[in-house]
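S.K.:
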Amino acid sequence: MQNTSSSNQQLLSGFSVQDNELIEHALAIIAQIPEPTPYQRPKGTDVAAILMDFRVDVETILAAILSDPRLEELKPKPDIAKQFGKTVAALVKDINWLNKLNVYSTDMTAQPNQAETLRRMLLSMTQDMRAVLIKLAYRIKRLRILPKEAYNVRHFIAQETLDIYAPIANRLGIHQFKWELEDMAFRYLEPQIYLKIAKSLAAKREKRAASIDHFIVLLQQHISIETINAEIYGRPKHIYSIWKKMQRKQLDIDELYDLLAVRVIVDNLTSCYAVLGIVHSTRQYIPEEFDDYIANPKENGYQSLHTVILDSQGNRIEVQIRTREMHDFAEMGVAAHWSYKEGGKHNVAMDKSIASLRKLLAQKDGDVSLDDNFNNELFRDRVYVLTPTGKLIDLVKGSTPLDFAYAIHTEIGHSCRGAKVNGRICPLTYTLKSGEQVEILTTKDIRPNRNWIDPNLGYLKSSHAISKVKSWFKHQQKDQNIATGKAILDKEIQHLGLKGVHLKDIAQHFKLADNDTLLEAIGRTDINSRQLAAFFKIPELEPQHPVTVKKKPDSKSIVTVEGIDNVLTTLAHCCSPAQGEDIIGYISHYRGITVHRKDCGNVTNISPEKHTQLIPVYWGTQQASHSVPIVIRAYNARHLLNNVAHVLAQANIHISNAAMETNPDFSAVLSLTIQIENTRQLSLVLSKISQLPNIVDVKRKT
Numbered sequence: 140m141q142n143t144s145s146s147n148q149q150l151l152s153g154f155s156v157q158d159n160e161l162i163e164h165a166l167a168i169i170a171q172i173p174e175p176t177p178y179q180r181p182k183g184t185d186v187a188a189i190l191m192d193f194r195v196d197v198e199t200i201l202a203a204i205l206s207d208p209r210l211e212e213l214k215p216k217p218d219i220a221k222q223f224g225k226t227v228a229a230l231v232k233d234i235n236w237l238n239k240l241n242v243y244s245t246d247m248t249a250q251p252n253q254a255e256t257l258r259r260m261l262l263s264m265t266q267d268m269r270a271v272l273i274k275l276a277y278r279i280k281r282l283r284i285l286p287k288e289a290y291n292v293r294h295f296i297a298q299e300t301l302d303i304y305a306p307i308a309n310r311l312g313i314h315q316f317k318w319e320l321e322d323m324a325f326r327y328l329e330p331q332i333y334l335k336i337a338k339s340l341a342a343k344r345e346k347r348a349a350s351i352d353h354f355i356v357l358l359q360q361h362i363s364i365e366t367i368n369a370e371i372y373g374r375p376k377h378i379y380s381i382w383k384k385m386q387r388k389q390l391d392i393d394e395l396y397d398l399l400a401v402r403v404i405v406d407n408l409t410s411c412y413a414v415l416g417i418v419h420s421t422r423q424y425i426p427e428e429f430d431d432y433i434a435n436p437k438e439n440g441y442q443s444l445h446t447v448i449l450d451s452q453g454n455r456i457e458v459q460i461r462t463r464e465m466h467d468f469a470e471m472g473v474a475a476h477w478s479y480k481e482g483g484k485h486n487v488a489m490d491k492s493i494a495s496l497r498k499l500l501a502q503k504d505g506d507v508s509l510d511d512n513f514n515n516e517l518f519r520d521r522v523y524v525l526t527p528t529g530k531l532i533d534l535v536k537g538s539t540p541l542d543f544a545y546a547i548h549t550e551i552g553h554s555c556r557g558a559k560v561n562g563r564i565c566p567l568t569y570t571l572k573s574g575e576q577v578e579i580l581t582t583k584d585i586r587p588n589r590n591w592i593d594p595n596l597g598y599l600k601s602s603h604a605i606s607k608v609k610s611w612f613k614h615q616q617k618d619q620n621i622a623t624g625k626a627i628l629d630k631e632i633q634h635l636g637l638k639g640v641h642l643k644d645i646a647q648h649f650k651l652a653d654n655d656t657l658l659e660a661i662g663r664t665d666i667n668s669r670q671l672a673a674f675f676k677i678p679e680l681e682p683q684h685p686v687t688v689k690k691k692p693d694s695k696s697i698v699t700v701e702g703i704d705n706v707l708t709t710l711a712h713c714c715s716p717a718q719g720e721d722i723i724g725y726i727s728h729y730r731g732i733t734v735h736r737k738d739c740g741n742v743t744n745i746s747p748e749k750h751t752q753l754i755p756v757y758w759g760t761q762q763a764s765h766s767v768p769i770v771i772r773a774y775n776a777r778h779l780l781n782n783v784a785h786v787l788a789q790a791n792i793h794i795s796n797a798a799m800e801t802n803p804d805f806s807a808v809l810s811l812t813i814q815i816e817n818t819r820q821l822s823l824v825l826s827k828i829s830q831l832p833n834i835v836d837v838k839r840k841t
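All the letters of the sequence shown, read from the start, carry residue numbers 140 to 841 under this note's numbering.
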């Protein structure tokens with residue numbers, strides 16, 4: 140109880156009276172929790188005590204105390220938002236999520252980018268950067284009490300720390316946490332190596348300190364003569380970083396020269412080089428170990444002078460010389476430091492968040508005005524989800540299960556017909572959230588749906604997936620256009636009674652590379668019948684039956700023909716054109732002008748001699764209702780028709796025909812004919828239907 144009281148007293152130091160009242164209130168809540176014996180998990184008060192060394196604000200201390208896992212057992216639970224504010228409540232929520240997250244596995248490091256993806260996921264899921272700081276403090280405390288755990292638990296926690304949490308601490312510039320996380324984790328993973336290095340350092344500590352102190356005194360004397368203002372101190376080395384360097388350079392600890400290290404911080408750039416000259420004039424230096432990172436900064440922007448000298452005893456001492464600004468950047472410009480160490484890319488949002496965090500740590504008193512700066516902007520545009528085997532997939536924010544399928548493999552995307560999210564069937568337009576597990580349901584039929592690339596329907600978010608679908612249709616369209624072009628050309632040649640026509644001659648005339656390119660252009664109508672007729676030197680065909688268009692009395696057509704909006708028109712039943720779609724008119728002898736969609740098969744495959752009966756038409760301004768057939772596929776037929784009818788009724792859309800087929804596995808196909816005004820209305824209603832439970836897909840019937 141005495142230790143607890145002392146710890147609580149520490150939490151009250153350095154804050155205002157008002158802040159202390161809030162902390163005491165939080166401590167009083169925690170004191171009500173029945174404490175199981177023994178309790179081998181970090182307590183909120185212990186974590187808050189660790190954070191006091193960083194002089195954080197009162198909200199961070201409150202959140203650390205109130206995120207104590209034992210608070211879940213308290214009945215009734217306190218209303219944190221009401222008693223301590225929304226910011227503290229949001230922090231507690233983030234910390235609880237981080238403490239409960241169970242995604243890491245020890246084989247992640249063997250999979251490309253998996254550990255890095257998990258780090259990004261942790262950062263993206265927190266709304267406030269201070270939650271990450273508190274989580275790191277939780278991990279520090281967990282490592283300190285880890286000896287009480289079983290061996291397999293110690294090994295797992297230690298490995299997770301090295302793979303995930305130490306790099307995050309490094310990334311955020313919290314070097315004190317980074318060093319302690321690394322050293323304690325290394326101690327549990329490699330206890331014998333850790334002990335050997337520790338003993339070696341202890342055995343030579345006095346000798347090493349004497350060498351450093353002697354050099355510092357000598358250097359300070361020479362610098363004083365030149366009236367240069369400088370701060371000089373020995374730079375400590377940590378056991379894990381020593382071991383990493385031993386591994387990297389394949390050296391024994393006795394062969395590592397930079398166990399002896401001195402740092403010199405001066406006021407300006409000129410003084411940097413002046414001190415370098417003094418160092419080299421007072422002691423022999425090793426030329427090949429000299430690096431001028433001021434004239435040639437590292438890729439991350441790091442600047443400093445590095446040199447290695449030999450003291451009077453023959454000991455190697457590494458000397459780093461830099462200005463205060465360079466030092467602050469090296470210590471606090473953590474995004475750049477991390478980029479160099481971990482091979483990442485510079486991120487402006489990361490710099491901003493880290494700068495805010497470091498500013499908080501530098502404040503003696505909490506600064507309420509900083510709160511807005513702590514919104515986590517790191518990786519906010521990403522979402523991280525899991526495969527059924529536990530692999531993390533990094534997607535753009537707003538991605539759907541269909542985006543996930545294409546991220547796994549293009550063919551899985553093409554053959555996707557449904558998805559389960561956390562074990563439950565979800566529509567393909569469902570917006571994924573970080574941490575969810577996704578399973579894709581596929582079919583042997585590799586055939587994407589054109590609705591997937593309709594931006595109004597919300598099937599796909601990522602440009603990668605959209606390009607894959609478009610590429611598939613482009614390839615399919617190419618084959619179809621070639622077949623259509625061949626049919627058109629054959630009919631043209633047959634109609635004209637020509638013989639001995641060579642495709643390569645036609646292709647050369649139109650400056651096309653090969654026969655397939657020619658046929659594709661004809662099928663696409665890039666080359667029309669008039670151009671072909673001109674090539675064959677045949678006069679263009681004139682319509683044999685001119686049509687006089689009659690005006691329909693007392694009614695206004697929804698289609699305009701050549702600028703005249705009161706003509707007799709008929710919408711073709713073969714393609715059911717809807718307002719907003721590209722259309723074309725066909726002059727018939729008995730029904731005036733029949734209006735088709737431009738991509739209607741009856742139009743694209745029309746014989747060349749009838750091309751002159753095609754006429755430009757346009758939609759008028761009058762709203763009208765069009766019959767459009769749609770097909771809905773679902774995993775379960777139960778309530779399907781009622782749910783769909785409800786959506787359509789809300790949109791004020793009339794159903795003129797309906798038919799449903801059910802299968803033994805309860806899946807169903809619902810065919811409807813609906814009355815819509817334009818393609819935008821159709822797109823929106825198809826989107827709403829696709830979001831209903833158990834829907835596999837919904838599309839316009841072609």
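Glycine residues also receive a C-beta, built at the ideal position from the N, C-alpha and C atoms.
1. Which partner residues does G557 have in the DSSP bridge list?
2. Using a Cβ-Cβ cut-off of 8 Å (strictly less than) and excluding sequence neighbours within five positions of Q459, which residues of its own chain qualify?
3. Is the separation between the beta-carbon of P540 and that of V560 shorter than 8 Å?
4. Tell me the DSSP secondary structure of G373 in three-state form.
5. Which residue's Cα is closest to the Cα of Q250: H603, R194, L531 and K317?
6. Apart from the five residues on each side of it in sequence, which residues of its chain come closer than 7 Å, Cβ to Cβ, to I661?
7. Tell me, which residues are paired with M799 by DSSP?
8. Would you mind giving the Cβ-Cβ distance between L825 and V837, rounded to the nearest angstrom? I have them listed as a contact below 8 Å.
9. What residues in its chain sit with their C-beta under 8 Å from that of Q253, if we drop five residues either side in the sequence?
10. Out of Y432, V447, L657 and S715, which one is the CA nearest neighbour of P426?
11. Note down, in chain order, each residue of its chain lying with its Cβ closer than 6 Å to the Cβ of D804, except the 5 sequence neighbours on either side.
12. Within this structure, are the beta carbons of Q830 and T570 separated by less than 8 Å?
13. Please name the residue, chosen from I332, G416 and S602, that lies closest to D391 on a Cα-to-Cα basis.
14. Just checking my contact of Q452 with S339 at CB under 8 Å: how many whole Å lie between their CB atoms?
15. Taking just the CA atoms, how far does V742 sit from H648?
16. Candidates T409, Q423 and V418: which alpha carbon is nearest A434's?
17. Provide the residue(s) that pair with C714 in DSSP beta bridges, ordered along the chain.
18. In or out: H553 buried (at least 16 other Cβ within 10 Å) or exposed?
19. I'd like the list of long-range same chain contacts for N235, defined as Cβ closer than 7 Å, with 5 residues on each side in sequence excluded.
20. For the beta strand (DSSP E) holding P768, just list the boundary residues, first then last.
21. To the nearest angstrom, report how far apart Q148 and E288 are at their CA atoms.
22. Can you tell me whether DSSP reads E365 as helix, strand or coil?
23. What does the alpha-carbon distance come out to for the pair E748 and S715?
24. Helix, strand or coil, according to DSSP, for V835 in the structure here?
25. Using the DSSP secondary-structure output, state which residues sit across from G574 in a beta bridge.
26. Could you give the DSSP three-state label for I460: helix, strand or coil?
27. Quick one, which of I307, A305, A324 and T581 has its alpha-carbon nearest A122's?
28. DSSP puts L531 in a beta bridge; with which residues?
29. Which runs of the beta strand (DSSP E) spanning at least 3 residues fall entirely within the region 377-442, listed in chain order?
30. Apply the 10 Å Cβ neighbour rule to Y372 and answer buried if 16 or more other Cβ atoms are within range, or exposed otherwise.
31. Indicate whether A202 and I273 have their beta-carbon atoms separated by less than 8 Å.
32. Looking only at its chain, what residues have a beta carbon closer than 8 Å to the beta carbon of T664, apart from the 5 residues adjacent to it on each side?
33. Would you tell me roughly how many angstroms separate the C-alpha atoms of S806 and H778, rounded to the nearest one?
34. Based on DSSP bridge pairs, tell me the residues matched to N667.
35. State the beta-bridge partners of G724 as determined by DSSP.
36. Nearest-angstrom Cα distance between H353 and R387?
M.R.: To lay it out plainly:
1. For the purposes of this step, residue 557 is taken as residue 418 along the sequence shown, with counting starting at 1. According to DSSP, which records beta bridges pairwise, G557 is partnered with L580.
2. Here residue 459 refers to the residue found at position 320 when the sequence shown is read from its first residue. Contacts found: R374, A400, V401, R402, V403, S443, L444 and H445.
3. The residue you call residue 540 lines up with position 401 of the sequence shown. The residue you call residue 560 lines up with position 421 of the sequence shown. In this structure, V560 lies closer than 8 Å to P540 by Cβ.
4. In the sequence shown, residue 373 corresponds to position 234, counting from 1. Reduced to three states, the DSSP call for G373 is strand.
5. As a working mapping, residue 250 is identified with position 111 in the sequence shown. Taking only the C-alpha atoms, the option nearest Q250 is L531.
6. Indexing the sequence shown from 1 puts residue 661 at position 522. These residues qualify, in order along the chain: G624, I627 and L628.
7. In the sequence shown, counting from the first residue as 1, residue 799 sits at position 660. In the DSSP output, where bridge partners are listed per residue, M799 has L809.
8. Residue mapping note: residue 825 aligns to position 686 of the sequence shown, counting from 1. Residue mapping note: residue 837 aligns to position 698 of the sequence shown, counting from 1. Rounded, the Cβ-Cβ distance is 5 Å, consistent with contact.
9. Here residue 253 corresponds to residue number 114 of the sequence shown, with the count starting at 1. Cβ within range, chain order: M247, K530 and L531.
10. For the purposes of this step, residue 426 is identified with residue 287 of the sequence shown, where counting begins at 1. P426 has its Cα closest to that of V447, out of Y432, V447, L657 and S715.
11. Start at 1 with the first residue of the sequence shown, and residue 804 comes out as number 665. Excluding residues within five positions, none has a Cβ falling inside 6 Å.
12. Here residue 830 refers to the residue found at position 691 of the sequence shown. Here residue 570 refers to the residue found at position 431 of the sequence shown. No. Outside cutoff.
13. Here residue 391 refers to the residue found at position 252 of the sequence shown. Ranking the options by Cα distance to D391, first place goes to I332.
14. One-based indexing of the sequence shown puts residue 452 at position 313. One-based indexing of the sequence shown puts residue 339 at position 200. About 18 Å; that fails the 8 Å criterion.
15. For this step, residue 648 is matched to residue 509 along the sequence shown. For this step, residue 742 is matched to residue 603 along the sequence shown. Each residue's Cα considered, the two are about 26 Å apart.
16. Here the question's residue 434 lines up with position 295 in the sequence shown. Ranking T409, Q423 and V418 by Cα distance to A434 puts T409 first.
17. Working through the sequence shown from its first residue, we reach residue 714 at position 575. None, per the DSSP bridge assignment.
18. Taking the sequence shown and counting its residues from 1, the one referred to as residue 553 is at position 414. It counts as buried.
19. Counted from its first residue, the sequence shown places residue 235 at position 96. Around N235: S206.
20. Position 629 of the sequence shown, counted from the first residue, corresponds to residue 768. H765 to A773 is the span of the beta strand (DSSP E), which, as asked, contains P768.
21. Here residue 148 refers to the residue found at position 9 when the sequence shown is read from its first residue. Here residue 288 refers to the residue found at position 149 when the sequence shown is read from its first residue. Near 29 Å, if we compare the C-alpha coordinates of E288 and Q148.
22. Taking the first residue of the sequence shown as 1, we reach residue 365 at position 226. In the structure shown, E365 falls within a coil segment according to DSSP collapsed to helix, strand and coil.
23. Position 609 of the sequence shown, counted from the first residue, corresponds to residue 748. Position 576 of the sequence shown, counted from the first residue, corresponds to residue 715. One C-alpha to the other measures close to 25 Å.
24. What you label residue 835 is simply residue 696 of the sequence shown in a count that begins at 1. In this structure, V835 counts as strand in the three-state DSSP scheme.
25. Here residue 574 corresponds to residue number 435 of the sequence shown, with the count starting at 1. DSSP links G574 through a beta bridge to no other residue.
26. Translated into the one-based positions of the sequence shown, residue 460 becomes position 321. It is a strand residue.
27. With the chain represented from 140 up to 841, any question about residue 122 goes unanswered, as that position is not in the structure.
28. Taking the first residue of the sequence shown as position 1, residue 531 is located at position 392. According to DSSP, which records beta bridges pairwise, L531 is partnered with L525.
29. 400-405
30. Walking along the sequence shown from the start, residue 372 turns up at place 233. Burial call: exposed.
31. As a position in the sequence shown, residue 202 is number 63, starting the count at 1. As a position in the sequence shown, residue 273 is number 134, starting the count at 1. For A202 and I273, yes; Cβs fall inside 8 Å.
32. Taking the first residue of the sequence shown as 1, we reach residue 664 at position 525. Hits under 8 Å: T743.
33. Working through the sequence shown from its first residue, we reach residue 806 at position 667. Working through the sequence shown from its first residue, we reach residue 778 at position 639. About 12 Å.
34. Here residue 667 is taken as the residue at index 528 of the sequence shown, counted from 1. In the DSSP secondary-structure assignment, N667 is not bridged to any residue.
35. Within the sequence shown, residue 724 is the residue found at index 585, counting from 1. Note: G724 sits in a beta bridge opposite V734 and I754.
36. For the purposes of this step, residue 353 is identified with residue 214 of the sequence shown, where counting begins at 1. For the purposes of this step, residue 387 is identified with residue 248 of the sequence shown, where counting begins at 1. Distance from the CA atom of H353 to the CA atom of R387, rounded to whole angstroms, is 30 Å.
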